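S.K.: Keeping their order, the protein sequence lines are chains A and B. Going by my numbering, the first residue of the first sequence is number 1, and it counts up by one from there. Going by my numbering, the first residue of the second sequence is number 1001, and it counts up by one from there. We put the beta carbon where it would ideally sit given N, CA and C, even for glycine. Keep in mind that this is a model prediction, so the values were computed, not measured. Could you have a look at this structure, given as structure tokens, before my questions?
Protein chains: 2
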Amino acid sequence: MQICKAIFLLIIRISFMNSNKPLLEVCLSPALLHLYPTNDTITVIIDVFRATSTIVAALDNGAFKVIPVATVQECIDWGGRLPDSITAGERDGKVADGLQYGNSPSEYPTTFVAGKTLILTTTNGTRLLHMINNAAEIITGSFPNLDAVCDFIRKQNKNVLLACASWKDRFNLEDALFAGAVAEKVADSFTINCDSATACISMANDSDGAYFEYLKRGAHYKRLSGYGLESDMVYCTTPNIHPVVPILKGAELVVYSE
Amino acid sequence: MQICKAIFLLIIRISFMNSNKPLLEVCLSPALLHLYPTNDTITVIIDVFRATSTIVAALDNGAFKVIPVATVQECIDWGGRLPDSITAGERDGKVADGLQYGNSPSEYPTTFVAGKTLILTTTNGTRLLHMINNAAEIITGSFPNLDAVCDFIRKQNKNVLLACASWKDRFNLEDALFAGAVAEKVADSFTINCDSATACISMANDSDGAYFEYLKRGAHYKRLSGYGLESDMVYCTTPNIHPVVPILKGAELVVYSE
Chain A
1 MQICKAIFLL IIRISFMNSN KPLLEVCLSP ALLHLYPTND TITVIIDVFR ATSTIVAALD
61 NGAFKVIPVA TVQECIDWGG RLPDSITAGE RDGKVADGLQ YGNSPSEYPT TFVAGKTLIL
121 TTTNGTRLLH MINNAAEIIT GSFPNLDAVC DFIRKQNKNV LLACASWKDR FNLEDALFAG
181 AVAEKVADSF TINCDSATAC ISMANDSDGA YFEYLKRGAH YKRLSGYGLE SDMVYCTTPN
241 IHPVVPILKG AELVVYSE
Chain B
1001 MQICKAIFLL IIRISFMNSN KPLLEVCLSP ALLHLYPTND TITVIIDVFR ATSTIVAALD
1061 NGAFKVIPVA TVQECIDWGG RLPDSITAGE RDGKVADGLQ YGNSPSEYPT TFVAGKTLIL
1121 TTTNGTRLLH MINNAAEIIT GSFPNLDAVC DFIRKQNKNV LLACASWKDR FNLEDALFAG
1181 AVAEKVADSF TINCDSATAC ISMANDSDGA YFEYLKRGAH YKRLSGYGLE SDMVYCTTPN
1241 IHPVVPILKG AELVVYSE
């Protein structure tokens, strides 16, 4: 009798779980963010070329923390206040005046970045991150931490918003492709009734996992190639070379640990 | 000498044309419209389920003109003023109170609609249409006039914006898929450096021309199926059954003729 009851409760529990999977949605541009609830939601900031790729590279290579800031001046000010800090950021593909380093993930190997604080200014990713103030958690994602992001959001059992930083509010291919790669991998654990997510999954299907090749058709590929940054784009689209999750604590991104 | 000059000018002309193909862009939501220039641009309003499908069906079946209006009250007012008019529009899948007919393309066969003026109120498509006031031309597109739209925009030799009506500003699958089907077909005649267009083309690739089947994964399919409107969706996704181009003249949509 006890066994029957246990089985019955298990069936009820499984039915409940299936019909009450958390929602997964994709926001394709910061200009559409107001259409998506973020309260009590895990929000994944996506800026594949290159902010969220550089952030996860620096943290996985031992950076103490990353502080994302909106302007070059804020970056300089933070750098003046914090010991063992690196100020970094680019404008138009070059290190911005007054800063020390750029926005390339390959600039931050362990030998350079371990134990330091990276203060990073980027245009699109940082802006989006600062637009969200009521999420359950804010993490960052890009291909170098694809599976780590998937594992994290599966375990939280909360609604998820994959938020693309895009390019000056315009939809971009690389952030949507990453959203699609995540959504495709975690689809069994979520209710997906969001056309943006469905379209991104379709793009991921169409790419057949050849992310870098797929993105050669994108506007950003053409722009960054013009700056000689092809190897950066290969780095940013290589899955799982930095299997950690950057998570926002206050104003700082640190490596998530259970 | 005259022949040489003519050939030289022809070569110059061809080179100029190749390097100066007009731009084709896709706007995925009215909330992103401000990011796209519409002046001196052919703008294609896309509201597949179902405004722009119904508009082209009515006009191809002999309607004198279609007047798109924003509200039910405007629809009633226009209907009171115009002889031989039909007032139509739905809210939540039912004919709106005070109006005569719905928003289904199959409601408007020649025997009913020929010679009449259809006054149509829809939420998303009409709103987008009224947001644009400086375009070279505004036409409407959906699968029933897919090739007619492609032929029209190819011949104009102007920049084109494919503008998706979406669903309350949220990206939707069917409008983006139609944009992709158009962009894929006319790609040789335009410069496409717009990631939205590239993503829509990717979706069209992924659909492999099975538009209705593809859209079964969309949120709108689920919503409209709930209203028993599956046959409407089949109609709206059947290519080239109404090979005409509705074009806006003042406040009225009429069939384009050269």
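Along the beta strand (DSSP E) that carries Ser106/A, what are the first and last residues, could you check?
M.R.: Counting from 1 along the first sequence, the entry for residue 106/A is found at position 106. Neither: Ser106/A is in no beta strand (DSSP E) and is coded neither H nor E.
S.K.: Specify whether the stretch 1051–1063 of chain B and the stretch 1180–1200 of chain B touch according to this definition: at least 3 beta carbon pairs, one from each stretch, less than 8 Å apart.
M.R.: No: the two stretches stay apart, fewer than three of their Cβ pairs being nearer than 8 Å.
S.K.: Less than 8 Å between the beta carbons of Arg50/A and Asn124/A, yes or no?
M.R.: For the purposes of this step, residue 50/A is identified with residue 50 of the first sequence, where counting begins at 1. For the purposes of this step, residue 124/A is identified with residue 124 of the first sequence, where counting begins at 1. For Arg50/A and Asn124/A, no; Cβs fall outside 8 Å.
S.K.: Which residues in the same chain as His242/A place their Cβ atom closer than 6 Å to its Cβ, once the five residues preceding and following it in sequence are excluded?
M.R.: On the first sequence, residue 242/A is found 242 positions in, with the first residue counted as 1. So the list reads Val56, Ala57, Asp60, Pro144 and Asn145, once near-sequence residues are dropped.
S.K.: Can you give me the C-alpha to C-alpha distance between Gly1250/B and Val1066/B, rounded to a whole angstrom?
M.R.: Position 250 of the second sequence, counted from the start, is the residue given in the question as residue 1250/B. Position 66 of the second sequence, counted from the start, is the residue given in the question as residue 1066/B. Cα-Cα distance, rounded: 11 Å.
S.K.: Over the uninterrupted beta strand (DSSP E) stretch that includes Gly141/A, give me the two end residues.
M.R.: Mapped onto the first sequence, residue 141/A falls at position 141. Taken as a continuous stretch (DSSP letters only), the beta strand (DSSP E) holding Gly141/A covers Glu137 to Gly141.
S.K.: Give the straight-line distance between the Cα atoms of Leu1224/B and Glu1230/B, rounded to the nearest whole angstrom.
M.R.: Start at 1 with the first residue of the second sequence, and residue 1224/B comes out as number 224. Start at 1 with the first residue of the second sequence, and residue 1230/B comes out as number 230. So the alpha carbons of these two residues sit roughly 7 Å apart.
S.K.: Check whether the Cβ atoms of Asn172/A and Gly228/A sit closer than 8 Å, and answer yes or no.
M.R.: One-based indexing of the first sequence puts residue 172/A at position 172. One-based indexing of the first sequence puts residue 228/A at position 228. Contact flag unset, no.
S.K.: Only counting the same chain, and skipping five residues up and downstream in sequence, which positions put a Cβ closer than 7 Å to that of Tyr235/A?
M.R.: Within the first sequence, numbered from 1, the residue matching residue 235/A stands at position 235. Closer than 7 Å at the Cβ level, and outside the excluded window around Tyr235/A, lie Ser53, Pro105 and Ser106.
S.K.: So the candidates are Leu253/A, Thr41/A and Cys27/A; which of them puts its Cα closest to the Cα of Asn134/A?
M.R.: Here residue 134/A refers to the residue found at position 134 when the first sequence is read from its first residue. Comparing Cα positions, the closest option is Thr41/A.
S.K.: Consider the Cβ of Ala205/A: report whether some Cβ of chain B lies at a distance smaller than 8 Å.
M.R.: Walking along the first sequence from the start, residue 205/A turns up at place 205. Ala is not the amino acid found at residue 205/A; the sequence shown has Asn there. Chain B, which has a Cβ nearer than 8 Å to the Cβ of Asn205/A, makes this yes.
S.K.: Using the rule of at least 16 other Cβ atoms within 10 Å of the residue's Cβ for burial, across every protein chain shown, is Thr1071/B buried or exposed?
M.R.: Here residue 1071/B refers to the residue found at position 71 of the second sequence. The residue in question, Thr1071/B, is exposed, as its Cβ has fewer than 16 Cβ neighbours within 10 Å.
S.K.: What residues in its chain sit with their C-beta under 6 Å from that of Val160/A, if we drop five residues either side in the sequence?
M.R.: Here residue 160/A corresponds to residue number 160 of the first sequence, with the count starting at 1. If we look at Val160/A and ignore the five residues flanking it on each side, its Cβ neighbours are Leu24, Ile42 and Ile153.
S.K.: Can you list the beta strand (DSSP E) stretches of 3 or more residues lying completely in the stretch 1232–1256 of chain B, in chain order?
M.R.: Segments of the beta strand (DSSP E) lying fully in the stretch 1232–1256 of chain B: 1246–1249 and 1252–1255.
S.K.: Looking at C-alpha atoms only, which residue of Asn1157/B, Thr1121/B and Glu1252/B is the closest neighbour of Lys1094/B?
M.R.: To locate residue 1094/B, count along the second sequence from 1; it is residue 94. Answer by Cα proximity: Thr1121/B.
S.K.: Name the residues in the stretch 1204–1236 of chain B whose C-beta lies less than 9 Å from a C-beta of chain A; which are they?
M.R.: Per Cβ criterion, the list reads Asn1205, Asp1206, Ser1207, Tyr1214, Arg1217, Gly1218, Ala1219, His1220 and Lys1222.
S.K.: Indicate whether at least one CB of chain B lies closer than 8 Å to the CB of Cys194/A.
M.R.: Stepping through the first sequence from its first residue, residue 194/A is reached at position 194. Yes - at least one Cβ of chain B is within 8 Å of the one on Cys194/A.
S.K.: When you compare the CB positions of Pro30/A and Ser166/A, do they come within less than 8 Å of one another, or not?
M.R.: Counting from one through the first sequence, the residue named residue 30/A turns up at place 30. Counting from one through the first sequence, the residue named residue 166/A turns up at place 166. In contact: Pro30/A and Ser166/A (Cβ atoms closer than 8 Å).
S.K.: Quick one: which chain B residues come within Cβ less than 8 Å of Asn172/A?
M.R.: The residue labelled residue 172/A in the question sits at position 172 within the first sequence. Ordered by position in chain B, the residues that pass the 8 Å Cβ test against Asn172/A are Asp1195.
S.K.: Would Ala1165/B count as contacting chain A if we go by Cβ distances under 8 Å?
M.R.: Taking the first residue of the second sequence as 1, we reach residue 1165/B at position 165. Taking Cβ atoms only, chain A never reaches closer than 8 Å to Ala1165/B, which makes this a no.
S.K.: Mapping DSSP to helix, strand and coil, what is Ala1163/B?
M.R.: Residue numbering aside, residue 1163/B sits at position 163 when the second sequence is read from its first letter. Correct three-state label for Ala1163/B: strand.
S.K.: Which of the three DSSP states, helix, strand or coil, is assigned to Arg1170/B?
M.R.: Position 170 of the second sequence, counted from the start, is the residue given in the question as residue 1170/B. In the structure shown, Arg1170/B sits in a strand (DSSP, three-state: E or B).
S.K.: Pick out whichever of Ile1086/B, Thr1126/B and Ala1136/B has its Cα sitting closest to the Cα of Val1113/B.
M.R.: In the second sequence, residue 1113/B corresponds to position 113, counting from 1. When each option's Cα is compared against that of Val1113/B, the closest is Ile1086/B.
S.K.: Using 10 angstroms around the beta-carbon of Glu1174/B, count the other beta-carbons present and answer buried if the total reaches 16, otherwise exposed.
M.R.: Reading the second sequence from its first residue, position 174 is the one you call residue 1174/B. Buried, because 16 or more other Cβ atoms sit within 10 Å of the Cβ of Glu1174/B.
S.K.: Could you say which of Thr1110/B, Val1245/B and Leu1082/B lies nearest to Gly1062/B if we only look at CA atoms?
M.R.: One-based indexing of the second sequence puts residue 1062/B at position 62. Selected option, being the one with the closest Cα: Thr1110/B.
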